[in-house]
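Just so we're on the same page, this note's numbering is the position in the sequence shown counted from 1, plus 17.
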Amino acid sequence: MTASQDDLALALELADVADAITLARFRAADLVVETKPDLTPVSEADTAVERTLRERLASARPGDAIVGEEYGSSQAGETGRRWIVDPIDGTKNYVRGIPVWATLLALEEGGQLTVGVVSAPALHRRWWAARGQGAFGSDGLAPEPRRLGVSGVRALEDAQLVMSGFDGWDEQARLEQLIALSRACWRTRGFGDFWGYMLVAEGVAEVYCEAVVSLWDLAAPLLIVEEAGGTFTDLGGVRTPEGGDALASNGVLHEAALALVRR
């Protein structure tokens with residue numbers, strides 16, 4: 018087993034641990050939810066998952082650094098490697114009982130993302146990738162994982178655009194750009210957060226974009242989209258998982274979509 022395969026195996030094990038925690042508290046009547054300083058919700062499941070994964074990583078990969086949504090960055094590790102953790106992407110869905118949420122895990126080595134896992138247990142879905150080894154997904158419909166590949170659609174007027182909502186675009190005074198992109202596409206649907214990126218990676222949508230997003234939201238999806246053959250940049254066209262904003266596509270339509278929403 019290569020180093021990346023070994024790290025991917027660990028990430029998949031950590032996803033199993035996270036799924037057990039999140040599913041046990043999903044739709045619980047006594048779920049504890051607090052409001053963070055940025056006015057977004059955080060549940061007891063978010064913090065429990067991140068604490069547990071940090072403990073497991075500290076034991077399994079003691080020289081690696083960790084950055085997570087709820088507890089920030091650990092001290093720089095000795096290995097030049099960094100694990101990026103979003104314990105629940107889609108917390109607002111989670112606390113309202115909507116099953117569209119996932120745990121996101123990624124490994125970055127020397128500035129390069131090498132492992133990514135997105136696990137959405139309430140949807141019975143999981144997606145993963147290791148650099149240079151392709152992207153894969155599993156669900157309850159087939160006994161074996163399937164290799165992912167983006168679509169071959171070559172014109173925006175034939176493309177399906179997915180988006181998380183208007184609020185971030187409105188906050189950034191860029192709603193008109195999103196509407197322009199929507200008008201240029203064949204169809205628009207609101208499948209937000211991690212799921213939009215996974216739909217692009219699966220080839221069932223061509224473009225997904227967000228106006229407000231963070232590192233832990235993007236690291237795992239970026240690798241999975243790229244390993245599926247797609248393109249992933251910010252809205253300025255820069256390939257980065259560092260956050261701010263993002264656009265993922267099947268690659269063929271990337272420049273056309275960027276031209277309508279570019280910063």
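The beta carbon of each residue, even a glycine, is placed where N, CA and C say it ideally should be.
7 Å CB neighbourhood of residue i in its chain, flanking five on each side removed
| i | result |
| --- | --- |
| L147 | Residue 147 is actually Ala in this sequence, not Leu. Only S21, Q22, L25, T131, V132 meet the Cβ criterion. |
| S136 | A32, A35, D36, A119, T120, R143 |
| P258 | L130, L232, L235, A236, L239 |
| P138 | D36, T39, L40 |
Helix, strand or coil at residue i [DSSP, three-state]
| i | result |
| --- | --- |
| E227 | strand |
| D262 | strand |
| I115 | coil |
| P160 | coil |
| A218 | helix |
| T257 | coil |
| W203 | coil |
| D51 | According to the sequence displayed, residue 51 carries Glu and not Asp. In this structure, E51 counts as strand in the three-state DSSP scheme. |
| T131 | strand |
| R191 | coil |
| A276 | helix |
| S168 | coil |
CA nearest to the CA of residue i, picked from the options
| i | options | result |
| --- | --- | --- |
| T39 | D55, T57, P54, L70 | L70 |
| L27 | C226, A75, S181 | A75 |
| A62 | C226, R78, R44 | R44 |
| T96 | Y88, T108, R78, V84 | R78 |
| R279 | L198, E30, F183, L158 | L198 |
| P54 | A65, L48, A82, E86 | E86 |
| V50 | G185, E72, I105, V84 | I105 |
Same chain only: Cβ atoms within 6 Å of residue i, ignoring 5 sequence neighbours per side
| i | result |
| --- | --- |
| C202 | L173, A176, L178 |
| T248 | S266, G268, H271 |
Residues sharing a beta bridge with residue i, DSSP
| i | result |
| --- | --- |
| G284 | Given a span of 18 to 280 for the chain in the structure shown, any question on residue 284 remains unanswerable. |
| V84 | S90, I101 |
| S136 | T120, R143 |
| V59 | E51 |
Same chain, Cβ closer than 8 Å to residue i, five either side skipped, listed in chain order
| i | result |
| --- | --- |
| F153 | W144, W145, A146, P162, R163, R164, L165 |
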